[in-house]
Structures are given as structure tokens and as C-alpha cells.
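Residue numbers (the numbering used here): 2 to 188.
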Amino acid sequence: MELEQAIYARRAVRQYTDEPVPRGVLQRLIEAAIQAPSAVNEQPWLFTVVQDRALLAGISHDAKTHLLRAPPAILAPQHLRELLEEPAFDIFYHAPALILISSATHGQWAVENCALAAQNLMLSACAHGLGSCWIGFAQPWLATPEGKAALDLPPMSLPVAPIIVGRPKSEPAAVARKPPHIRWLGP
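Here it is in C-alpha cells:
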């Protein structure tokens, strides 16, 4: 698949088959991720791959509990709180793999460095016929000492991008994009 095809075909996938993603494919996605630029070439990435279904279910439960303790304004709009209150809701959508991209440092550009790696990873997943989705619901709990301990992350690490990966059950429809707001300065 050509890069531009992957850019236009990539979708947030929230329905997966049970088919596991081979370790070699996950390794190739991570290899694509580390091709991303990073501030002052720091390359601070740490990758944690979780394929253990029981661990994923436990993280989902703990992340939901953590978020539901937050003030209602944090989970605005209300439908997000209602979704998290649903006992059967799995924040990882039963995907067979989670790749958490963390930064080894809390440097000034830690989040940006990991976000660039995450975009490469998601585009590579698309090119491999896989779906992916950045799971924001997981981020707050994974940043806690308990969340880091659950994944054996170093205490000083910064979990940034929890990306689920798997074979999509179907191809999600394209989401309409607003036209870009462009201001041209100069000739």
C-alpha cells in the first residue's frame, strides 16, 4: 500500500476479530514507529505490547473505575460517562493487542515524540491490513503508579499512546473532514 493510500484509508477501528496479530507483524509496526522524528533525535520511546486477554480486561476495568471517579465535567459529554458505566464495555474493544508507546523521559517534547511514533505505527497497521485506535480512556490510569506497575513500566516513564491493533471485523466508513482553514502569508 502506498503512503498516501494508508493516510486516506486509516480509520479508528472499534470492532475486531479474535485473530491474534503475529509477533513479527507487531515488531514491524514498532519498527515503522521508530522511524518517526523526535526532538533533538532523543528517540525516547518505550514500547509495551500486551496480548494477554486477562491483563487487557483488568486494565480496562481499572481504567474505567479510575475515570468514573473523576468529576462529571471531566467526562463531558454525558454519553462518555454512561459508556464507562456499562459493565460489559471494554475500552480496548476486544482487540487482540495493545501497543503502549511511552516516553522514557518527561522531557519537554515527550508527548509530541510519542505521538509522531504513534501515527507511524497506525499508518503501518493500515498498510498491513490491520485496524488500530488510540485509546484515550486508558491514558489517565496508565499514568498512575498502579497503571505503570501493571505493565512493569519504569516509574519515571510517561505513558502517552495506548494503541490497540487487530484485524477489523469490517471496514469503518470514512468520516467527513472539514475543509482545512488555511491562511496564506506571502506570495
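C-beta atoms are modelled at their ideal positions from N, C-alpha and C, and glycine is treated no differently.
Checking the sheet assignment: what are the DSSP bridge partners for residue i?
i, result
"glycine 167", "Gly132"
"isoleucine 102", "Phe48, Ala162"
Please say whether residue j and residue i have beta carbons closer to each other than 8 Å?
i, j, result
"proline 97", "tryptophan 135", "no"
"valine 14", "serine 133", "yes"
"leucine 30", "serine 125", "yes"
"proline 160", "leucine 101", "yes"
"leucine 99", "leucine 57", "yes"
"tyrosine 17", "tyrosine 94", "yes"
"cysteine 152", "alanine 34", "The question names cysteine, yet the displayed sequence has leucine at residue 152. No. Outside cutoff."
"leucine 47", "serine 158", "yes"
"alanine 7", "alanine 177", "no"
Keeping to the same chain, check which residues put their C-beta closer than 6 Å to that of residue i; ignore five residues upstream and five downstream.
i, result
"arginine 12", "Pro173"
"leucine 85", "Lys65, Leu68, Leu69"
"leucine 1", "In this structure the chain extends from 2 to 188, so residue 1 is not present and cannot be described."
"threonine 49", "Leu101, Leu152"
"tryptophan 110", "Ala40"
In three-state DSSP terms, what is residue i?
i, result
"phenylalanine 138", "helix"
"tyrosine 17", "strand"
"serine 61", "helix"
"alanine 116", "helix"
"methionine 123", "helix"
"arginine 82", "helix"
"proline 146", "helix"
"proline 72", "coil"
"valine 41", "helix"
What residues in its chain sit with their C-beta under 8 Å from that of residue i, if we drop five residues either side in the sequence?
i, result
"leucine 117", "Ala37, Pro38, Ser39"
"glycine 170", "A quick correction: the sequence has lysine, not glycine, at residue 170. Excluding residues within five positions, the ones whose Cβ falls inside 8 Å are Gln16, Tyr17, Thr18."
"alanine 71", "Pro141"
"glycine 193", "Not covered by the structure: residue 193. The range shown for the chain is 2 to 188."
For residue i, which residues from the same chain have a beta carbon less than 7 Å from its beta carbon, with the 5 sequence-adjacent residues on both sides left out?
i, result
"isoleucine 92", "Ser61, Ala64, Lys65, Ile136, Phe138, Ala139"
"leucine 131", "Val22, Val166, Gly167, Arg168"
"glycine 25", "none"
Item to check | Touch test, the region 111-125 against the region 42-49, Cβ-Cβ under 8 Å, three pairs minimum | outcome: yes
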